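Colleague: Pasting in a structure now, in structure tokens, and then I'll have a few things to ask.
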Amino acid sequence: MITAFELGLIYAIMALGVYLTFRILNFPDLTVDGSFTSGAATAAILITNEVDPFLATAVAFVVGSLAGLITGLLHTKGNINGLLAGILTMIGLYSINLRIMDGANVPLLGQDTVISMMRGFTGVGWSSVAVLAVVALLFKLVMDWYLQTDNGLALRATGDNEQMISSFAVSTDRQKIIGLMLSNGLVGIAGAVVAQHQGFADIGMGIGLILVGLASVIVGQAIFGSRTVIQATLAVILGAVVYRLAIQFALNIGLNPNDMKLMSAVLVVAALLLPQWKGFSRLSLRRRSRSPLAAAAEPATTSDAPLSTTSAEKGV
Amino acid sequence: MLKVDSVSKTFFPHTVNERRALVDVDLELQEGDFVTVIGSNGAGKSTLLNTVAGRIHQDEGVVSLDGVDVSRLKEHQRAAKVGRVFQDPMAGTAPNLSIEENLALADRRGRPRGLSRGVTRAKRERFAEALKQLELGLEDRLKTKVGLLSGGQRQALSLLMATYSDPRVLLLDEHTAALDPQRAELVTRLTRSVVQDKGLTTLMVTHNMVQALEVGNRLIMMHEGRIILDVGAEKKAQMTSQDLLAEFGKLKGAVVDDKTLLQ
Numbered sequence: 036m037i038t039a040f041e042l043g044l045i046y047a048i049m050a051l052g053v054y055l056t057f058r059i060l061n062f063p064d065l066t067v068d069g070s071f072t073s074g075a076a077t078a079a080i081l082i083t084n085e086v087d088p089f090l091a092t093a094v095a096f097v098v099g100s101l102a103g104l105i106t107g108l109l110h111t112k113g114n115i116n117g118l119l120a121g122i123l124t125m126i127g128l129y130s131i132n133l134r135i136m137d138g139a140n141v142p143l144l145g146q147d148t149v150i151s152m153m154r155g156f157t158g159v160g161w162s163s164v165a166v167l168a169v170v171a172l173l174f175k176l177v178m179d180w181y182l183q184t185d186n187g188l189a190l191r192a193t194g195d196n197e198q199m200i201s202s203f204a205v206s207t208d209r210q211k212i213i214g215l216m217l218s219n220g221l222v223g224i225a226g227a228v229v230a231q232h233q234g235f236a237d238i239g240m241g242i243g244l245i246l247v248g249l250a251s252v253i254v255g256q257a258i259f260g261s262r263t264v265i266q267a268t269l270a271v272i273l274g275a276v277v278y279r280l281a282i283q284f285a286l287n288i289g290l291n292p293n294d295m296k297l298m299s300a301v302l303v304v305a306a307l308l309l310p311q312w313k314g315f316s317r318l319s320l321r322r323r324s325r326s327p328l329a330a331a332a333e334p335a336t337t338s339d340a341p342l343s344t345t346s347a348e349k350g351v
Numbered sequence: 030m031l032k033v034d035s036v037s038k039t040f041f042p043h044t045v046n047e048r049r050a051l052v053d054v055d056l057e058l059q060e061g062d063f064v065t066v067i068g069s070n071g072a073g074k075s076t077l078l079n080t081v082a083g084r085i086h087q088d089e090g091v092v093s094l095d096g097v098d099v100s101r102l103k104e105h106q107r108a109a110k111v112g113r114v115f116q117d118p119m120a121g122t123a124p125n126l127s128i129e130e131n132l133a134l135a136d137r138r139g140r141p142r143g144l145s146r147g148v149t150r151a152k153r154e155r156f157a158e159a160l161k162q163l164e165l166g167l168e169d170r171l172k173t174k175v176g177l178l179s180g181g182q183r184q185a186l187s188l189l190m191a192t193y194s195d196p197r198v199l200l201l202d203e204h205t206a207a208l209d210p211q212r213a214e215l216v217t218r219l220t221r222s223v224v225q226d227k228g229l230t231t232l233m234v235t236h237n238m239v240q241a242l243e244v245g246n247r248l249i250m251m252h253e254g255r256i257i258l259d260v261g262a263e264k265k266a267q268m269t270s271q272d273l274l275a276e277f278g279k280l281k282g283a284v285v286d287d288k289t290l291l292q
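Chains as they are written, first to last, in this note's numbering: chain A, 36 to 351; chain B, 30 to 292.
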């Protein structure tokens, strides 16, 4: 249970990255399968070479964002379809990751890692969960802040209406590249921390990761809403935790770890299909109308808001 | 200040679908000129606007702005000096961003977009002040997502945004055509007043002959990629839509559609 919470909060950093591309830029970026492992591999190799684990994790951000840069250049300057650009980078990274690790995995036994350092203060228990929750919230706050800056607004508009934002003198190519770099940088950090948490980096650890990210974003926003950026990023973090708990639950009832990929796929499909079911929208409508706080928060739009939010949910 | 110099553009060259959208077009706008462009479908009006905006790159000729050749600049580079309002009311605003965030984007036209806060209290007051001119009550709904507004409201907002940071040239591409008559009237009135207040150099494409005659200080008529009529302020003031129809009538093969006749 504790482990599920810990992992959920670490993967939440990755989910924030996926949110940035998938939701904000409207770009399904498959690079993450590769950049996650790249982050893990980079950090693991640096740590075994006695580099400070915090510095190693920061380098994982840089390596991840370089992967995002490549996908971004392929897509914008090379006019390659976004999905294909992501797949190409992901496949290429597989070989690069093997080169980085000089093998299929790197153990971190007995090394000082950011997780072992945290354990030194907190031990294993709810206090370690609290520390990781604070870290995840810090990332969320930084993202909330960024998305309210001039550059962040331009990024959001790029995903929302490209024609409009280029008529206001913004290079959509540049914004997409920035978004992909930030996103994959976050994914790289998550990979680095996951490797330190599990005690090794492995060439296969990123496989199917995009589904985990999408599941977190979609499940989180279906349950916790996405009306504002602040709400949406919180929903993404909670979604990542819910996803981990669901996995934990499935393991507890006797599924084996090899079933997890199927489980992820089924979970995403369920999160996509459920909101289309009429009974579900009735449920969420009732829930919304019962919340006077939410209604008071946006007086000008309450009359038409429930309708539009449900249709937005249907559109996921 | 805006100069289009022997510009030609052919779509699908050397195929059966070849279409000469612009044929050796020359056009020069002086500072503060408000030019209306009319012509039948396929006359090249939109292509002309898109060529100035940089969305379409011409095959031959030069587009220059303030004496600087901008022919090779991309759309977003030219947009630092060129404001646009599109025909589709959904096209000029970002639906999932709030009204104030949309205005903040418009406010930064032509300036670097860094990591300072997009919407500050000072800016918010400035935006509310500007929105009051629209008389749509939007100043009280700054945090409303633009996607919740009606087509007319969004088009009025698009116009405000396009002109907010005083572009050197304003391009209007049939921006009232998709609105009901009442809203079209409102947006036309707003267009007039903002162009007058800011002294904007404007190029406006329209299908509506009455509108083409009522607004602006110069009118050009296009046909098959050429400018066939160029009327200055004095002569334009005396013209009626009947005169324009007569001009259309002189053209071989020009089709005046029902919608145009009814206006």
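We put the CB at the ideal spot given by N, CA and C, even for glycine. Just so you know, these numbers come straight off a predicted model, no measurement behind them.
1) List, in chain order, every chain B residue whose beta-carbon is nearer than 8 Å to that of SER201/A.
2) List the endpoints of the continuous beta strand (DSSP E) containing THR231/B.
3) Quick one: does ASP126/B have its CB under 8 Å from some CB of chain A?
4) What did DSSP end up calling LEU219/B once you bin it into helix, strand or coil?
5) Expressed to the nearest angstrom, what Euclidean distance is found between the alpha-carbon atoms of THR80/B and THR184/A?
6) Nearest CA to the CA of LEU165/B: which residue from LYS152/B, ARG153/B and SER179/B?
7) DSSP state of ILE218/A, grouped into three classes?
8) Please report the distance separating the alpha-carbon of GLN210/A from that of PHE277/B.
9) On the three-state DSSP scale, how would you describe VAL97/B?
10) ALA192/A versus chain B: which residues are under 7 Å apart at the beta carbon?
11) Considering only the beta carbon of each residue, do LYS175/A and ILE245/A sit closer than 8 Å?
12) Whose Cβ in chain A lies nearer than 8 Å to the Cβ of GLU168/B?
13) Counting along the chain, where does the beta strand (DSSP E) carrying ASN140/A start and finish?
14) Does the structure place the segment 240 to 260 of chain A close enough to the segment 159 to 167 of chain A that three or more beta carbon pairs sit under 8 Å?
15) Can you grab the Cα-Cα spacing for the pair ARG247/B / LEU167/B, in whole Å?
16) Quick one: grab the DSSP three-state call for HIS43/B.
17) With a threshold of 16 other CB atoms inside 10 Å of the CB of ILE288/A, please say whether the residue is buried or exposed.
18) With THR65/B as the anchor, note down where its alpha helix (DSSP H) starts and where it stops.
19) Taking the beta carbon of LYS161/B as the centre, do at least 16 other beta carbons fall within 10 Å, making it buried, or is it exposed?
20) Relative to chain B, which residues along the segment 165 to 199 of chain A have a C-beta separation below 8 Å, given in chain order?
21) Below 8 Å between beta carbons: does that hold for VAL276/A and GLY43/A?
22) Name the two residues that bound the continuous beta strand (DSSP E) containing GLY112/B.
23) With which residues is VAL36/B paired in a DSSP beta bridge?
Modeller: Inspection of the coordinates gives the following:
1) GLU104, HIS105 and ALA108
2) Per DSSP, THR231/B belongs to the beta strand (DSSP E) from 230 to 234.
3) First, the amino acid is wrong: residue 126/B is Leu here, not Asp. Closer than 8 Å: yes.
4) helix
5) 32 Å
6) SER179/B
7) In the sequence on display, residue 218/A carries Ser and not Ile. Assignment of SER218/A by DSSP, reduced to helix, strand and coil, places it in the helix class.
8) 46 Å
9) Secondary structure of VAL97/B (DSSP, three-state): strand.
10) ALA123, LEU126 and LEU134
11) no
12) Result: empty, since nearest Cβ-Cβ is about 11 Å, beyond 8 Å.
13) Note, ASN140/A: beta strand (DSSP E), 140 to 142.
14) Per the Cβ contact rule, the segment 159 to 167 of chain A is not in contact with the segment 240 to 260 of chain A (fewer than 3 Cβ pairs under 8 Å).
15) 33 Å
16) coil
17) exposed
18) Where THR65/B is concerned, there is no enclosing alpha helix (DSSP H), although the beta strand (DSSP E) it sits in stretches over 63 to 68.
19) exposed
20) TYR181, GLN183, THR184, ASP185, ASN186, GLY187, LEU188, ALA189, ARG191, ALA192, ASP195, ASN196, GLN198 and MET199
21) yes
22) 111 to 114
23) VAL54/B
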